[in-house]
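J.: Residues 2 to 138 (this note's numbering) make up the sequence shown, in order. Using N, Cα and C, we set each Cβ at its ideal position, and we do this for glycine too. Source: prediction; values computed, not measured. Mind having a look at this structure? Questions to follow.
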Amino acid sequence: VCEELSVVLFVHPWDMHMWDGRLQKYWMPWLVGMPSETAQAICSVLMGNVLVMFPKLRFCFAHGGGSYPIIRGRVSHGWNNHIVLGTDYPFPLGELEVGKVVEDYQSFSAVDRDNLLWKNAIQMLDLDENTLFDKNF
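Okay, here's the thing in C-alpha cells:
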C-alpha cells in the first residue's frame, strides 16, 4: 500500500529502555540506544531484502541515520543509493551542524556523500534535481 500511495516511511527509534539494563545510566538510551536502534532498523531493511520485495518503498531514518553512517563500511554491499538521512530538528540530539558527520567521514566517496546528503532524497521524493537550485523553491 505504501508503494501504491508513494508514501515515504519515517523510521524513528523508540523504547530504547528495553535493552538488558546496561543503558540505564548516563543518558545512554539517547546517546547509544537511539543511534544503535536506528542503524539496526536500516540494516534490517537492507539485509531483510525489503527493498528487493518492495523496490518502490521509500524510507527516511531519524537522527541522521543513527550510527549507520559510521558502520556503513561494514554493510557497504547494502544498497547505498536507497538510504536517506533525516534530522531530529528541533530537538538538540545528534549533530549540531546537520550533515557534518557525513561530510567529514573520510571513507565516503564524493558520490556516496552526495547521495547520503541530498541526491537519494531528491530521487526518493521524485523531485527534479534542478529544483534545489531554484531560488523560488
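Specify the secondary structure class of R59 as computed by DSSP and reduced to three states.
T.: On the sequence shown, position 58 is the one that residue 59 refers to. If DSSP states are grouped into helix, strand and coil, R59 belongs with the strands.
J.: Can you look up V8 in the DSSP assignment and give me helix, strand or coil?
T.: Your numbering for residue 8 matches position 7 in the sequence shown. Three-state result, V8: coil.
J.: Could you give the distance in angstroms between the alpha-carbon of G74 and the alpha-carbon of S37?
T.: Position 73 of the sequence shown, counted from the start, is the residue given in the question as residue 74. Position 36 of the sequence shown, counted from the start, is the residue given in the question as residue 37. One C-alpha to the other measures close to 15 angstroms.
J.: Can you list, in chain order, the residues of its chain whose CB lies under 7 angstroms from that of V76, leaving out five sequence neighbours each side?
T.: For this step, residue 76 is matched to residue 75 along the sequence shown. For V76, where only same-chain residues beyond five positions count, the Cβ hits under 7 angstroms are C44, L47.
J.: Tell me the rounded alpha-carbon separation between G65 and L86.
T.: As a first step, residue 65 is located in the sequence shown; it is residue number 64 there, counting from the start. As a first step, residue 86 is located in the sequence shown; it is residue number 85 there, counting from the start. For G65 and L86, the distance between alpha carbons rounds to 5 angstroms.
J.: Taking L126 as the reference, give the member of C61, L24, H13 with the closest Cα.
T.: Along the sequence shown, one-based indexing puts residue 126 at 125. Checked all of C61, L24, H13; the closest Cα to L126 is C61.
J.: Rounded to a whole number of angstroms, what is the C-alpha to C-alpha distance between Q25 and L97?
T.: Locating residue 25 in the sequence shown gives position 24, counting from the first residue. Locating residue 97 in the sequence shown gives position 96, counting from the first residue. Computed Cα separation, rounded: 25 angstroms.
J.: Straight-line CA distance for F92 to V12?
T.: The sequence position of residue 92 within the sequence shown is 91, counting from 1. The sequence position of residue 12 within the sequence shown is 11, counting from 1. So the alpha carbons of these two residues sit roughly 16 angstroms apart.
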